[in-house]
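J.: Just dropping this structure here.
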Amino acid sequence: MSVGKKVYLIGFMGCGKTAIGKRLSFALRIPSYDMDKEIVKQQGMSIPEIFERYGEAHFRKLETEFLAGFRDEYCIISTGGGAAIAEENRKLMRETGLVLFLNAVFPDIWMRIHRDKNRPIVQRSTRDQIEKLYNERLPFYKKAAHIVIRTEGKTLRQITDYCAFQVNRLKGEH
Ligand code: S3P
């Protein structure tokens, strides 16, 4: 496996990418960035505003631009839940880093996201629609990932330790 400089956390909304990214940053002593937050900063608009004013397709373009343009640095990037769906994005991530898929079960995900006003896809969809999207996206996350990490029944600490173990195990393999 050829692994570049970055560690990408991928997975569906609410799987823990941001929370694990922060903890992994402490564990590995490297910076972590949240892709959504970086896009919000760049654009000077919230995610719901970007969706509303320019549409989802435009947001997807911003995600690809972010992945293609982010500086060459040993760091963690917590991606948005849709970032691993486009083939171009999967290629960019796999070529520039180690891709870890946080595989959470749907009931856990739903519990965490269903009230979130900052996630436009959740706002406009029913539980069944979100579950369908979750199932549709699973194969893409698996395709993008070097490592799949099942999160069910594990604490944030346990997940972080396992991610750190995998990064340390694989980072020498260039
Ligand atoms: C999205 C997930 C969000 C954010 C946007 C779209 C998606 O990120 O990028 O609302 O398509 O799944 P999180 O996974 O951090 O919620």
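Numbered by my numbering, the letters in the sequence shown go through residues 17 to 190 in order.
Where is the CB? At the ideal position from N, CA and C, for every residue including glycine.
Is the separation between the beta-carbon of Pro136 and that of Phe67 shorter than 7 Å?
T.: Taking the sequence shown and counting its residues from 1, one reaches residue 136 at position 120. Taking the sequence shown and counting its residues from 1, one reaches residue 67 at position 51. In contact: Pro136 and Phe67 (Cβ atoms closer than 7 Å).
J.: Label Arg173 either buried or exposed according to how many other C-beta atoms from any shown protein chain fall within 10 Å of its C-beta, with 16 as the threshold for buried.
T.: Working through the sequence shown from its first residue, we reach residue 173 at position 157. Answer is exposed; the Cβ neighbour count stays below 16.
J.: Among Lys107, Leu25 and Gly30, which residue has its Cα nearest to the Cα of Asp124?
T.: If you number the sequence shown from 1, residue 124 lands on position 108. Cα-wise, what sits closest to Asp124 is Gly30.
J.: Determine the DSSP secondary structure at Asn134, reduced to helix, strand or coil.
T.: The count along the sequence shown starts at 1 and reaches residue 134 at position 118. DSSP places Asn134 in coil when its eight states are reduced to three.
J.: From the DSSP secondary-structure annotation, give me the bridge partner or partners of Val23.
T.: Along the sequence shown, one-based indexing puts residue 23 at 7. According to DSSP, Val23 bridges with Ile92 and Leu114.
J.: Can you determine whether any heavy atom of the ligand S3P sits closer than 6 Å to the C-beta of Asp52, and answer yes or no?
T.: As a working note, residue 52 is residue 36 in the sequence shown. Flag set: Cβ of Asp52 near the ligand S3P.
J.: Relative to the ligand S3P, is the shortest distance from any of its heavy atoms to the C-beta of Arg131 smaller than 6 Å?
T.: The count along the sequence shown starts at 1 and reaches residue 131 at position 115. Checking the Cβ of Arg131 against the ligand S3P gives no.
J.: By DSSP, does Ile46 sit in helix, in strand, or in coil?
T.: Within the sequence shown, the letter at position 30 stands for residue 46. Of the three classes helix, strand and coil, the one that applies to Ile46 here is coil, per DSSP.
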